[in-house]
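Visitor: One structure follows; several queries about it will come next.
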Amino acid sequence: MRVPGKGSGRVSVAGLVCIKPGQRGHVFYQLRVHHGRKNERRSLSEDDYATLITAAHHQLHAPIILIWDGVNTHTSTVMRQFTTAHPRWLTVVQLPAYGPELNATESLWPTMKAGLGNLAVDGVDGIVAIWEWCGPLPALR
Numbered sequence: 001m002r003v004p005g006k007g008s009g010r011v012s013v014a015g016l017v018c019i020k021p022g023q024r025g026h027v028f029y030q031l032r033v034h035h036g037r038k039n040e041r042r043s044l045s046e047d048d049y050a051t052l053i054t055a056a057h058h059q060l061h062a063p064i065i066l067i068w069d070g071v072n073t074h075t076s077t078v079m080r081q082f083t084t085a086h087p088r089w090l091t092v093v094q095l096p097a098y099g100p101e102l103n104a105t106e107s108l109w110p111t112m113k114a115g116l117g118n119l120a121v122d123g124v125d126g127i128v129a130i131w132e133w134c135g136p137l138p139a140l141r
């Protein structure tokens, strides 16, 4: 079977799993689409993470304790400046190296990906369209 279209591109997703005892949990995510163009960013930026965290804070009307792994974007100088600029509502806890089982978001991705299996789409935009159509999660823009 011939499938038209270019074979490059990727969809990166960042997510926040928000849990408060006695209340329903919330999940927020931010997508970054890379179409394979020259000089196009392939992963989420510090601005993308800051937007996601700030939007979650505004929607939840509550302080956030952010439990993060050691991804370089999470530990960058720009991100540290953002997190230290919001001490009233944002606390960051750094996970130890090699501790993905401690990260609640890591268990979310297999569940989300399971609903996307065995699909034929025309490029990364098709993946995004299906993710946003079938995903029960609110995307923050």
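In terms of the UniProt record's numbering, the sequence shown opens at residue 1 and continues consecutively.
We put the CB at the ideal spot given by N, CA and C, even for glycine.
#1: Could you spell out the range, first to last residue, of the alpha helix (DSSP H) harbouring residue 53?
#2: Which residues bound the alpha helix (DSSP H) around residue 81?
#3: Count the other CB atoms, across all protein chains shown, that sit within 10 Å of the CB of residue 30; report buried if there are 16 or more and exposed otherwise.
#4: Counting only the same chain and skipping the five closest in sequence on each side, list residues whose C-beta sits under 7 Å from that of residue 103.
#5: Taking the alpha helix (DSSP H) that residue 114 falls in, what are its first and last residues?
#6: Does the segment 111-131 come close enough to the segment 80-88 to have 3 or more Cβ pairs within less than 8 Å?
#7: Which residue from 130, 108, 107 and 125 puts its Cα closest to that of residue 118?
#8: Helix, strand or coil for residue 102 per DSSP?
#9: Who are the Cβ neighbours of residue 110 in its own chain at under 8 Å, not counting the five residues just before and after it?
#10: Could you check what DSSP says for residue 15 in three-state terms: helix, strand or coil?
#11: Would you check if the distance between the CB atom of residue 65 and the CB atom of residue 105 is smaller than 9 Å?
Guide: With the structure as the only source:
#1: Taking the sequence shown and counting its residues from 1, one reaches residue 53 at position 53. 46-60 is the span of the alpha helix (DSSP H), which, as asked, contains residue 53.
#2: The count along the sequence shown starts at 1 and reaches residue 81 at position 81. From DSSP, the alpha helix (DSSP H) with residue 81 extends over 77-84.
#3: Position 30 of the sequence shown, counted from the start, is the residue given in the question as residue 30. Residue 30 comes out buried.
#4: For this step, residue 103 is matched to residue 103 along the sequence shown. If we look at residue 103 and ignore the five residues flanking it on each side, its Cβ neighbours are 67, 69 and 95.
#5: Taking the first residue of the sequence shown as 1, we reach residue 114 at position 114. Counting along the chain, the alpha helix (DSSP H) containing residue 114 begins and ends at 108-114.
#6: Touching, no.
#7: Taking the sequence shown and counting its residues from 1, one reaches residue 118 at position 118. That would be 130, whose Cα lies nearest to the Cα of residue 118.
#8: Here residue 102 corresponds to residue number 102 of the sequence shown, with the count starting at 1. Helix.
#9: Within the sequence shown, the letter at position 110 stands for residue 110. Within the same chain, no residue comes within 8 Å of residue 110 by CB-CB distance, once the 5 residues on both sides are set aside.
#10: Position 15 of the sequence shown, counted from the start, is the residue given in the question as residue 15. Strand at residue 15.
#11: Taking the first residue of the sequence shown as position 1, residue 65 is located at position 65. Taking the first residue of the sequence shown as position 1, residue 105 is located at position 105. Remark: C-beta atoms of residue 65 and residue 105 do not approach each other more closely than 9 Å.
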